[in-house]
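In full-length UniProt numbering, the protein residues as written are 1 to 284. Where a beta carbon is used, it is the ideal one built from N, C-alpha and C, also for glycine.
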């Protein structure tokens, strides 16, 4: 069973008074106990009602009332979600709520949460399961992982300068600890003795994007195919300059020019063998 523990608001929370570092520490220790017991699901604090609003409907027409709201004791300051066997176990945990909260005068409300199994089967429940199934399957992020033939460090340094980014990590095979059951004569990930100075993992963040990459151990490199790294650059002159810089020493597959969907678009393979598309100012 999942229960929501509602921490009721009070005058301090409605005034936006932040908890002390000691209270934050006590709450962290309490949540850690829940975590280690396998019952913690989630927990969040809420800003004062002054930063919120209420929406009510009359015959389907919405009306909005902006906060703050006067009845602070009826408001919510935060919540914790736990998964336990029954209400009594939930109460046993909540009786251990840190006493420093609200100087020992915190007010909690325990509510059991509905599960999909509580409802009669039907098309609505089936659709709901599909929607939340898609939500649970969503990745938290995605980026292109590039392979290089010994020049990853140089390539990422170039990309960092060109794209105005920052290298978050640059680790060589020599930095990687040995892994068990590696092939005879090889270290971790199949790296040969001569690969020690090659890059085992690199990470570059830039604007709204991220690139990762590494050098491939000796004898395993395959030229990239079947994909392009796509860049969206808002300024047309900037996009042209980036395209030209990437193309230097490489091969242009489609010159940078206006298309029916963008004011500027081009395709190339750079000097490191990486294929790129550069788009600027979509028309559609």
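Looking only at its own chain, which residues have a Cβ that is under 8 Å from the Cβ of residue i, when we skip the five neighbours before and after it?
| i | result |
| --- | --- |
| residue 127 | none |
Report the partner residues of residue i according to the DSSP bridge assignment.
| i | result |
| --- | --- |
| residue 209 | 206 |
| residue 49 | DSSP, once it has assigned bridges, lists no residue as partnering residue 49. |
| residue 43 | 80 |
| residue 229 | 276 |
| residue 264 | 280 |
| residue 75 | In DSSP, residue 75 forms no bridge with anything. |
| residue 99 | BP columns for residue 99 are empty, so no partner. |
So, residue i versus residue j, is the Cβ gap smaller than 9 Å?
| i | j | result |
| --- | --- | --- |
| residue 44 | residue 67 | no |
| residue 102 | residue 10 | yes |
| residue 6 | residue 108 | yes |
| residue 207 | residue 235 | no |
| residue 148 | residue 213 | yes |
| residue 210 | residue 152 | no |
Identify which residue in the options has its Cα closest to the Cα of residue i.
| i | options | result |
| --- | --- | --- |
| residue 98 | 134, 20, 16 and 254 | 20 |
| residue 198 | 93, 137 and 156 | 156 |
| residue 242 | 141, 233 and 209 | 233 |
| residue 281 | 119, 239 and 209 | 239 |
| residue 270 | 87, 47 and 278 | 278 |
Does DSSP classify residue i as helix, strand or coil?
| i | result |
| --- | --- |
| residue 278 | strand |
| residue 34 | helix |
| residue 238 | helix |
| residue 289 | With the chain represented from 1 up to 284, any question about residue 289 goes unanswered, as that position is not in the structure. |
| residue 117 | helix |
| residue 13 | helix |
Whose C-beta lies closer than 6 Å to the C-beta of residue i among residues of the same chain, with five residues either side of it excluded?
| i | result |
| --- | --- |
| residue 245 | 162 |
| residue 65 | 54 |
| residue 264 | 236, 239, 256 and 280 |
Residues in its own chain within less than 7 Å of residue i by CB, not counting five upstream and five downstream?
| i | result |
| --- | --- |
| residue 111 | 3, 4 and 6 |
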